[in-house]
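Peer 1:
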Amino acid sequence: MKTKLILLAITMMFAITGMQAQEKKNKKKTELVTVEIMTSAVCGMCKDRLEHDIAYEKGVKFVELDKETKILTIKYKEGKNTKEKLKIAVTKVGYDADDLIAEEKAYNALPDCCKKDVAPH
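With numbering that gives the first Met the number 0 as the guide, the letters of the sequence shown map in order to residues 0 to 120.
#1: Within its chain, find whatever has a CB closer than 7 Å to the CB of Ala-88; leave out the 5 residues flanking it on each side and keep chain order.
#2: So what's Ala-54 in DSSP terms, helix, strand or just coil?
#3: Quick check: the segment 112–119 against the segment 30–44, are there 3 or more CB pairs under 8 Å?
#4: In terms of residues, what are the limits of the alpha helix (DSSP H) holding Ile-87?
#5: Using the rule of at least 16 other Cβ atoms within 10 Å of the residue's Cβ for burial, across every protein chain shown, is Ile-36 buried or exposed?
#6: Kindly identify the DSSP beta-bridge partner or partners of Leu-99.
#7: In terms of residue numbering, what span does the beta strand (DSSP E) encompassing Asp-65 cover?
#8: Please look up how many angstroms separate the CB atoms of Glu-77 and Val-32, rounded, as I've assumed it's under 8 Å.
#9: When DSSP labels each residue in this structure, what does Glu-71 get in the three-state scheme?
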């Protein structure tokens, strides 16, 4: 009988420890926020450049540019970034972001095929 009580106590201890570990793991999960930003991108090089550069912004987990609509979809960890900061990051790459105009120096550094006035190709 004493052995059964000891085994029961040990089993309960492991169960409680496992539940606490699971709670900690669940607390660390943060929600992903999805934002869409209208850009001035026109070609595949623009797509590659934006997806590459924005992927390195804080908290960003997913970036994809739809060349047809020029919409950049970004998923990032809640609390790690904001839409406004991501729009500023897009302008620093050389592209317009919704109502923000591309930074002049970055825009001038883009290849000619990536300039706003060029037809999509």
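No residue lacks a Cβ here, since even glycine has one placed at the ideal position from N, Cα and C.
The structure presented is a predicted model; accordingly, all values stated were derived computationally and were not measured.
Peer 2: Quick answer:
#1: Ile-53, Glu-56
#2: In this structure, Ala-54 counts as helix in the three-state DSSP scheme.
#3: yes
#4: Here the alpha helix (DSSP H) through Ile-87 covers 82–92.
#5: buried
#6: According to DSSP, residue pairing for Leu-99 in a beta bridge involves Ala-96.
#7: 59–65
#8: That pair is a contact at about 5 Å.
#9: The displayed chain sequence assigns Leu, not Glu, to residue 71. Leu-71: strand per DSSP, three-state reduction.
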